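Worksheet: the structure to be examined is printed underneath.
In UniProt numbering, the protein residues as written are 1 to 278.
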């Protein structure tokens, strides 16, 4: 793995929920995977404003520990200039920014039956996206919607790297969200598994959806010697998407590394989803 793609695994300090906000009220609770092997902490941020008649828009953010670490009071204030969304940071019950083994399983799509589990480099298990999506949609989402009035037509999902891969996998398997934000998605994972899924998808189910692909401009990756694959994979995916009728938005971050795209894309996602003024 190139140095710029390696996650920073130093323990985190206090986040915005710990410090308190003038603009949002935060709470959190824990969840467990069905097999009891993975443990989650989910932060819920509710705007300190009256809910719109249709309910608040809701943005679900994967890698919630890292997302909460990057979320700032000034960003929350800025959301007031648009339609402030409920923020749901779906993380793991750890002080680290990432649970590498858990996210490697949760965020990656399975192989076809009868052997859906994927064994990745370094022995990490993958292929658990269906189970994680079930937990998200049948346990986490219902809890969120009991805590805050939510607009069922304004639901966003953001993820970075493997999280971006999960966003794309969910885009093709569950048209439950209205807006999908895939930041630096791992398109080459498992022999471009997600591109194979894209080819097999029914395009009619995608037409009302909005997909945001947020990538580097290839400069940093070119220095590391693997830009061509990334650009080729992105071009292949977009060639499949464009005829489907989906509303597709492409953003490239000039000179930013894989890891730097996480906070940049999260900031832009908050602005785009809320309609806040820059």
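Using N, Cα and C, we set each Cβ at its ideal position, and we do this for glycine too.
Just so we're clear, the structure is a prediction, and the values are computed from it rather than from any experiment.
query	result
Run through DSSP, which three-state label would residue 13 get?	coil
For residue 192 and residue 264, I'd like the C-alpha separation in whole angstroms.	25 Å
Might you give, ordered along the chain, the residues of its own chain that have their beta carbon closer than 7 Å to the beta carbon of residue 280, omitting 5 neighbours on each side?	As shown, the chain starts at 1 and ends at 278. That puts residue 280 outside it, with no answer to give.
Return yes when the Cβ of residue 183 is within less than 8 Å of the Cβ of residue 159, no when it is not.	yes
For the structure I just gave you, are there three or more beta carbon pairs, one from the region 38-54 and one from the region 15-28, closer than 8 Å?	yes
If residue 165 sits next to residue 186, beta carbons under 8 Å apart, how far is it from one beta carbon to the other, in whole angstroms?	5 Å
Measuring only the C-alpha atoms, how far is residue 233 from residue 79?	33 Å
On the DSSP bridge assignment, give the partners of residue 183 in chain order.	160 and 214
Using the rule of at least 16 other Cβ atoms within 10 Å of the residue's Cβ for burial, across every protein chain shown, is residue 261 buried or exposed?	buried
Which one of 118, 176 and 142 has the shortest CA to CA distance from residue 209?	176
How would you label residue 119, buried or exposed, when you count the other beta carbons within 10 angstroms and need 16 or more for buried?	exposed
Quick check on this structure: which residue in 131, 129 and 105 has the alpha carbon closest to the alpha carbon of residue 121?	105
Three-state secondary structure (DSSP) at residue 199?	helix
Run the CB neighbour count on residue 13, radius 10 Å, all protein chains shown included, and call it buried at 16 or more, exposed below.	exposed
Measure the C-alpha to C-alpha separation of residue 289 and residue 242 and round it to an integer number of angstroms.	Residue 289 lies beyond the range of the chain shown here (1 to 278); nothing can be said about it.
Under a three-way DSSP split, which group does residue 170 fall into?	helix
For a test of the three-state rule: what should DSSP assign to residue 125, helix, strand or coil?	strand
Closest to residue 284 by CA distance: which of 248, 231 and 216 is it?	Residue 284 is absent from the model: the chain starts at 1 and stops at 278.
Exposed or buried, residue 89, counting other C-beta atoms within 10 Å across all chains shown (16 or more means buried)?	buried
Does residue 216 pass the burial test, meaning 16 or more other C-beta atoms within 10 Å, or should it be called exposed?	buried
Which full runs of the alpha helix (DSSP H) of 4+ residues lie inside the region 89-158, going along the chain?	100-106, 129-135 and 141-147
If the criterion is Cβ atoms closer than 8 Å, does the pair residue 251 and residue 162 meet it?	no
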